[in-house]
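Under mature numbering (1 follows the signal peptide of the UniProt record, and there is no 0), the residues of the sequence shown are numbered -29 to -1, 1 to 559, in order. We treat Cβ as the ideally placed atom computed from N, Cα and C, and that holds for glycine. Computed from a prediction, not measured in an experiment: that's the story for all the values here. Notes follow the structure.
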Amino acid sequence: MRPKRSGRLAASTAVALAAGMLLAGPASADGSPKAPAERPLPKVDMRGHGVLPTTAPKAGAQSKQKLQRGADAPATATVGKTVAPRFDVDHDGSDDLLYRDIGGTTFLKKSKTPASDEEFYVSKADPEDDFKDLLPAGDLNHNGYPELLTLSVNGTLSLTEAGSTVGTTGVTWSSRGWNAYNKLIAAGDMTGDGNPDLLARTHDGTLYLYPGNGRAGSDTPYGDRVQVGSGWGKFDQILGGADYNADGVADVLATAPTGEMFLYTGTGNINSPFADGVQNGMGWTIYNQLSPVVDGDGKTWVLARELGGTAYLYPSLGNGQLGDRLKFGTNWEYTDLLAGQGAIAAHGKGEVFGRTSGGSLYAYLGKQNGNFADRDLIGSEGEYVSDFGLTLASSLSKADHGHLLLTYNGVLYGPKGEIGGGWGIYKSLLGIGDLTNDGFGDLLALDKSNVLWLYPSQGNAHNFADRIRVGGGWGSYNKLLGAGDITGDGRADLVARDTNGGALWVYPGTGSGSAPLGDRVKIGTGGFNSFNKLAAVGDITGDGRGDLVGVDSSGTAYRYSPTGLQGLSTFSGRGTVGGGWNTYGELF
């Protein structure tokens, strides 16, 4: 089973500490460096609450929270054809829900026996894989058991079958090269041949259909791709695999960062599988993950999670519209991934470290509600003194957590010990995330002449390829930040705070190692110099985009979360994280 995220983080920290603590700090009885305390996960039940629908909604069951529909949109149900569920693991005719908590444990919420969610083992093509995304693909070969697609960080798409309610069978098929896309969507049957299909969106917004061929196992489950659209980069969530107009053909729902929802009704034509989009709602920015659910009557629901962790269900009315929401359950702030959800899944970092003036190091694991779990001690006083340069890099391997890097006397240490010398020429290091589109987080280094260099990761949290010159002139900035996607295209970006008024700029990631950053765009007009600490903490809001945290002179921390919009609309405002952050001289 997958080891706990906290254990891997603590082990990573321990090795980095062991590499550097021969220089300073307490030692154990046998003279070896003293390892830091293990950082546990939050001592709470992290399973989401709620009972999945097995039948159509009862009359009058909706809450008083009314759905915002488009003008002249009817709100009456119609009766028509139905579609099959995508992930009916317990064989009761209704979808079951697969989800992963912030510690890396995957659970299955069963529609037949909903009393308690149980851990569900997902087979891996590589035992070191921390999946970037999970896609309930449907019953691809029509043998009565649904298939599950797993997407690794390096673009490997693998197929396994949900043979029981405790886990999947072994991986039977894998394919490389899927990092050409920033989103894959299990689409259901869009071509009318009875086989579930797959949609794939490129970073520039081009949409492709991979038609299902009725096979699974070791056989390739999809045919050659067909381009079916362009301009799909304007959507931040795309849902497939369900039928919203009761004609028996799978449709597509898509939401924009402005909050509008659009319905693309399926046609059954492989070359033109859906009609033009029609707006059928608004106000969807309050939800960070959406996922379709099909009940035992073949009717579709949309599961929607709010930032605070409460989830709701919207019933499809069978006419392309959704009914008013019903409360599904609470405690979903500990879930970092709903299988089949519509957003671009985040990977690499969702935490922040704080170092005190006395050399203590604390870690805060990000929840998915815009805040952090209680802090955990990583190193006691004197164990992480200011002589040690620290960088919490966004994952340098397949692991879904940050990696602590330590520099001392020009030597760089990582999770596996000493990486090498010569790093004294740099005044700062930045673990920005994946800039080269190979799935592994990379390292940026700013030298004392204000020239920026890229060190591509080799995917093992230890080795880097030869450095690549990014460019000079970075002395106009007093802070460089990066730990995820700011612009909403799924690529890691660089954020810079200038010295002239504290304006913020983003340099969008390009996915090219030779020219990793695009032209800068202003995303904050000024005032960010009021923060004496500013950190990129990864995704702590559950929407797949990287968040920033700034601390003012009073010690109050504020969160800036990207909206998916561009330019000065990148941040719509800020949320309060809490007080007392002046305890720390630095945040990483």
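Under DSSP, the beta strand (DSSP E) around residue i begins and ends at which residues?
| i | result |
| --- | --- |
| Gly252 | 249 to 252 |
| Arg172 | 168 to 173 |
| Arg545 | Arg545 -> no beta strand (DSSP E), and no H or E assigned at all. |
| Lys298 | 297 to 300 |
| Pro107 | 104 to 109 |
| Asn153 | 152 to 159 |
| Gly325 | 322 to 326 |
| Gln198 | 197 to 200 |
| Ser145 | 144 to 146 |
| Gly444 | Taken as a continuous stretch (DSSP letters only), Gly444 belongs to no beta strand (DSSP E), as it is neither H nor E. |
| Ala374 | It is His, not Ala, that sits at residue 374 in the sequence shown. Start and end: 374 to 379. |
| Gly163 | Where Gly163 is concerned, there is no enclosing beta strand (DSSP E), given that its DSSP letter is neither H nor E. |
| Ile315 | No beta strand (DSSP E) contains Ile315, which DSSP labels as neither H nor E. |
| residue 562 | The first residue shown for the chain is -29 and the last is 559, placing residue 562 beyond what the model contains. |
| Leu23 | Looking at the DSSP string, Leu23 is not in any beta strand (DSSP E), and its letter there is neither H nor E. |
| Gly385 | 382 to 385 |
| Thr140 | Per DSSP, Thr140 belongs to no beta strand (DSSP E) and is neither H nor E. |
| Thr306 | 306 to 309 |
| Thr131 | 128 to 132 |
| Trp424 | 423 to 426 |
From residue i to residue j, what distance separates their C-alpha atoms?
| i | j | result |
| --- | --- | --- |
| Asp418 | Ile396 | 6 Å |
| Gly269 | Val54 | 5 Å |
| Gly165 | Asp266 | 19 Å |
| Ala221 | Leu401 | 44 Å |
| Ser129 | Leu106 | 10 Å |
| Ser365 | Leu79 | 28 Å |
| Asn500 | Glu557 | 15 Å |
| Phe411 | His372 | 11 Å |
| Ala275 | Asp518 | 21 Å |
| His433 | Phe559 | 19 Å |
| Thr427 | Asp16 | This sequence places Pro at residue 427; Thr is not what is there. The straight-line gap from Cα to Cα measures roughly 38 Å. |
| Leu155 | Arg172 | 6 Å |
| Asp63 | Trp552 | 50 Å |
| Thr547 | Gly497 | 19 Å |
| Leu377 | Leu332 | 13 Å |
| Gly300 | Tyr258 | 14 Å |
| Val199 | Tyr235 | 12 Å |
| Ile349 | Thr162 | 54 Å |
| Asp409 | Asn240 | 34 Å |
| Leu224 | Phe233 | 6 Å |
| Gly549 | Tyr529 | 7 Å |
| Gly443 | Gly489 | 14 Å |
| Met253 | Tyr283 | 16 Å |
| Asn431 | Leu475 | 32 Å |
| Phe502 | Arg71 | 34 Å |
| Val60 | Pro13 | 29 Å |
| Ala416 | Leu505 | 18 Å |
Tell me whether residue i sits in a helix, a strand or coil according to DSSP, three-state version.
| i | result |
| --- | --- |
| Tyr355 | coil |
| Glu99 | coil |
| Leu536 | coil |
| Lys83 | coil |
| Tyr92 | strand |
| Thr554 | helix |
| Ile403 | strand |
| Tyr116 | coil |
| Gly360 | strand |
| Gly188 | coil |
| Lys14 | coil |
| Thr349 | Note that residue 349 is Ile in the sequence shown, not Thr. Three-state DSSP puts Ile349 in a strand. |
| Gly211 | strand |
| Gly395 | helix |
| Gly176 | coil |
| Gly480 | strand |
| Gly549 | strand |
Kindly say whether residue i, judged by its beta-carbon, lies nearer than 8 Å to any beta-carbon of chain B.
| i | result |
| --- | --- |
| Arg491 | Looking for chain B here will not work: only one protein chain is present. |
Please specify which runs of the beta strand (DSSP E), each continuous and at least 3 residues long, are wholly inside the segment 214 to 290, giving them in chain order. 222 to 226, 232 to 235, 249 to 252, 258 to 265, 271 to 277, 282 to 286
Indicate whether the contact test is met: 3 or more Cβ pairs, each with one atom in the segment 430 to 440 and one in the segment 455 to 469, closer than 8 Å. no
Tell me whether the segment 325 to 343 and the segment 509 to 522 touch, counting them as touching only if at least three CB pairs, one residue from each stretch, are closer than 8 Å. yes
Scan the segment 446 to 470 and note each continuous beta strand (DSSP E) run of 3 residues or more that stays entirely inside, going in chain order. 448 to 452, 465 to 469
Can at least three beta-carbon pairs, one atom from the segment 184 to 191 and one from the segment 130 to 144, be found at a separation below 8 Å? yes
Any 3 or more C-beta pairs closer than 8 Å across the segment 348 to 357 and the segment 289 to 303: no
Do the segment 13 to 23 and the segment 166 to 184 make contact, defined as three or more Cβ pairs closer than 8 Å? no
Whole alpha helix (DSSP H) elements within the segment 500 to 530, 4-residue minimum: none
Inter-stretch contact at 8 Å, needing at least 3 Cβ pairs: the segment 200 to 208 / the segment 222 to 240: yes
Could you tell me whether the segment 318 to 325 touches the segment 75 to 90, using the rule of 3 or more Cβ pairs below 8 Å? no
Is there contact here, the segment 303 to 315 with the segment 463 to 483, by at least three beta-carbon pairs under 8 Å? no
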